[in-house]
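Asks: Got a structure for you, questions after.
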Amino acid sequence: MTETRSSSSVPFSSAPPRGRRFPLRSIAKAAIGVALIAALLLWQDNGRKLIGILAGFQVEYLLALLALQVLLNAISSLKWRLFLKDRGVDVSFAALFGLYLIGRFFNNFLPSMMGGDVTRSYLLGRRIKSQAASAASVTMERATGLIALTMLAVFFAALNPAAFRSPIVIVTIAGAVVFCLVATLLFVSERVGAWMQGALIKRRGKLSSKLLRLVEEIGLYRGRRRVLFWALVYSCLFQFLAGMNVYYGSLSIGFEPDLLDVLVVTPAILILAMIPVSPNNVGWWEWCFSVLLLGAGATAAEGLAVALTLRAVSWITALVGGVLFVFQRSD
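Heads up: the sequence shown begins at 13 in my numbering, then just goes up one per residue.
Structure below.
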């Protein structure tokens with residue numbers, strides 16, 4: 013693959029591709045999100061309880077939550093750069109950090125909590141002149157994150173089995189374990205990889221050719237033990253800080269859970285939040301917190317308050333990404 017110029021000399025050059033205007037599927041997803049929020053506010057009179065909880069928000073925790081947001085995005089950007097550097101692609105940390113924030117901005121309009129990945133992958137692909145290499149780096153960054161998330165969930169559950177009693181948590185983490193094992197097998201086995209490439213070649217469609225290039229690019233990371241090791245280290249640190257983010261979010265609304273309970277429940281919340289239910293999973297994100305934080309001793313209203321608090325802090329970060337996107341479009 014051709015090496016790119018230094019990121020300091022190559023400005024962002026394009027926006028993500030435009031989709032169809034107001035597709036029916038997007039409208040349906042938005043309606044689902046609104047319905048979930050409405051149902052959650054009406055359930056157990058959570059709307060009235062929420063007002064009282066948020067009225068007692070402890071502002072002193074806001075700085076810690078904002079700092080955690082910066083750290084989480086910085087760690088993800090460092091890990092992303094790790095994969096790119098291994099392929100000889102030189103993009104600065106600052107540029108990748110900016111792309112990550114832009115992705116967070118677009119998360120607010122795209123389905124699931126991973127919709128922004130498509131945006132940052134596209135923008136980087138235009139920058140380095142290879143959409144396949146860009147998509148492969150984003151895929152590896154996300155995949156190692158999911159593996160670390162699952163590993164930590166099992167680890168903290170072993171330390172604190174009482175928090176693992178929720179059937180939803182058990183099923184979610186068990187499903188993630190199975191998925192990660194299958195994905196790892198597909199990645200490690202050259203025979204399986206060759207079979208997948210052969211199947212894509214036989215289809216000969218435009219989409220198949222793109223998937224084939226993506227599979228080939230991902231396969232180049234096979235056997236890169238040092239890169240994969242450090243990616244997992246970054247991912248474990250990220251997931252631990254994600255748990256701390258939920259913990260401090262809980263403290264900010266006056267709910268004081270056991271830290272280990274939060275560290276067990278947080279992976280299940282983040283895994284479920286990957287399911288594309290609505291734009292930025294509005295409603296679904298809040299339901300995950302309201303239901304799963306019950307296992308950490310919260311009420312449904314307190315879980316909802318934590319979810320909204322973390323969403324608000326995330327929006328602040330996302331707005332920075334929006335500003336960066338506007339300015340890079342004007343370059």
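Every residue, glycine too, gets a C-beta built ideally from N, C-alpha and C.
Quick one, are the C-beta atoms of residue 103 and residue 132 less than 8 Å apart?
Replies: Walking along the sequence shown from the start, residue 103 turns up at place 91. Walking along the sequence shown from the start, residue 132 turns up at place 120. Contact flag unset, no.
Asks: CA-CA distance, residue 186 and residue 244?
Replies: Counting from 1 along the sequence shown, the entry for residue 186 is found at position 174. Counting from 1 along the sequence shown, the entry for residue 244 is found at position 232. Straight-line Cα distance between these residues: approximately 20 Å.
Asks: Using the Cα positions of residue 199 and residue 222, report the straight-line distance between them to the nearest angstrom.
Replies: Stepping through the sequence shown from its first residue, residue 199 is reached at position 187. Stepping through the sequence shown from its first residue, residue 222 is reached at position 210. Rounded to whole angstroms, residue 199 to residue 222 spans 18 Å at the Cα level.
Asks: Give me the residue from 316, 252, 201 and 322 with the minimum Cα distance to residue 230.
Replies: As a first step, residue 230 must be located in the sequence shown, where it is residue number 218. When only C-alpha atoms are compared, the closest one is 201.
Asks: Are the beta-carbon atoms of residue 57 and residue 172 separated by less than 8 Å?
Replies: Indexing the sequence shown from 1 puts residue 57 at position 45. Indexing the sequence shown from 1 puts residue 172 at position 160. Their beta carbons are not under 8 Å apart, which means residue 57 does not touch residue 172 by this criterion.
Asks: Pick from 237, 315, 287 and 280: whose alpha carbon is nearest that of residue 268?
Replies: Numbered from 1 along the sequence shown, position 256 holds the residue referred to as residue 268. Nearest option by C-alpha distance: 315.
Asks: Residues in the same chain with beta-carbon distance under 6 Å from residue 91, minus the five sequence neighbours each way, listed in chain order, please.
Replies: On the sequence shown, position 79 is the one that residue 91 refers to. Cβ neighbours of residue 91 beyond the five flanking positions: 153, 243 and 246.
Asks: Classify residue 35 as helix, strand or coil using the three-state DSSP reduction.
Replies: Numbered from its first residue, the sequence shown carries residue 35 at position 23. The answer is coil: DSSP assigns residue 35 none of H, G, I, E or B.
Asks: Does the pairing of the segment 35-47 with the segment 289-308 give three or more beta-carbon distances under 8 Å?
Replies: Yes, the segment 35-47 touches the segment 289-308.
Asks: Going by DSSP in three states, residue 179 sits in which element: helix, strand or coil?
Replies: Taking the first residue of the sequence shown as 1, we reach residue 179 at position 167. DSSP places residue 179 in helix when its eight states are reduced to three.
Asks: According to DSSP, is residue 344 part of a helix, a strand, or is it coil?
Replies: A question about residue 344 goes unanswered here, because the residues of the chain that appear run from 13 up to 343.
Asks: Go through its chain and collect everything with a Cβ distance to residue 336's Cβ below 7 Å, but skip five positions before and after it.
Replies: As a first step, residue 336 is located in the sequence shown; it is residue number 324 there, counting from the start. Correct list, in chain order: 110, 113 and 114.
Asks: Buried or exposed: residue 162, going by 16 or more other Cβ atoms within 10 Å of its Cβ?
Replies: To locate residue 162, count along the sequence shown from 1; it is residue 150. Buried is the call here.
Asks: Excluding five sequence neighbours on each side, which residues of the same chain lie with their C-beta closer than 7 Å to the C-beta of residue 89?
Replies: Working through the sequence shown from its first residue, we reach residue 89 at position 77. Cβ within range, chain order: 105, 108, 109 and 112.
Asks: Return the chain-ordered list of same chain residues with a C-beta closer than 8 Å to the C-beta of residue 331, the five sequence neighbours on each side being excluded.
Replies: Against the sequence shown, residue 331 aligns to sequence position 319. Around residue 331: 117.
Asks: To the nearest whole angstrom, what separates the beta carbons of residue 156 and residue 284, a pair I think is in contact under 8 Å?
Replies: Counting from one through the sequence shown, the residue named residue 156 turns up at place 144. Counting from one through the sequence shown, the residue named residue 284 turns up at place 272. Wrong, their Cβ atoms sit about 19 Å apart, outside the cutoff.
Asks: Beta-carbon within less than 8 Å of residue 166's beta-carbon, same chain only, minus the 5 sequence neighbours each way: which residues are those?
Replies: For this step, residue 166 is matched to residue 154 along the sequence shown. 185 and 189, listed in sequence order.
Asks: Check whether the Cβ atoms of residue 140 and residue 265 lie closer than 8 Å to each other.
Replies: As a first step, residue 140 is located in the sequence shown; it is residue number 128 there, counting from the start. As a first step, residue 265 is located in the sequence shown; it is residue number 253 there, counting from the start. The answer is no: Cβ separation not under 8 Å.
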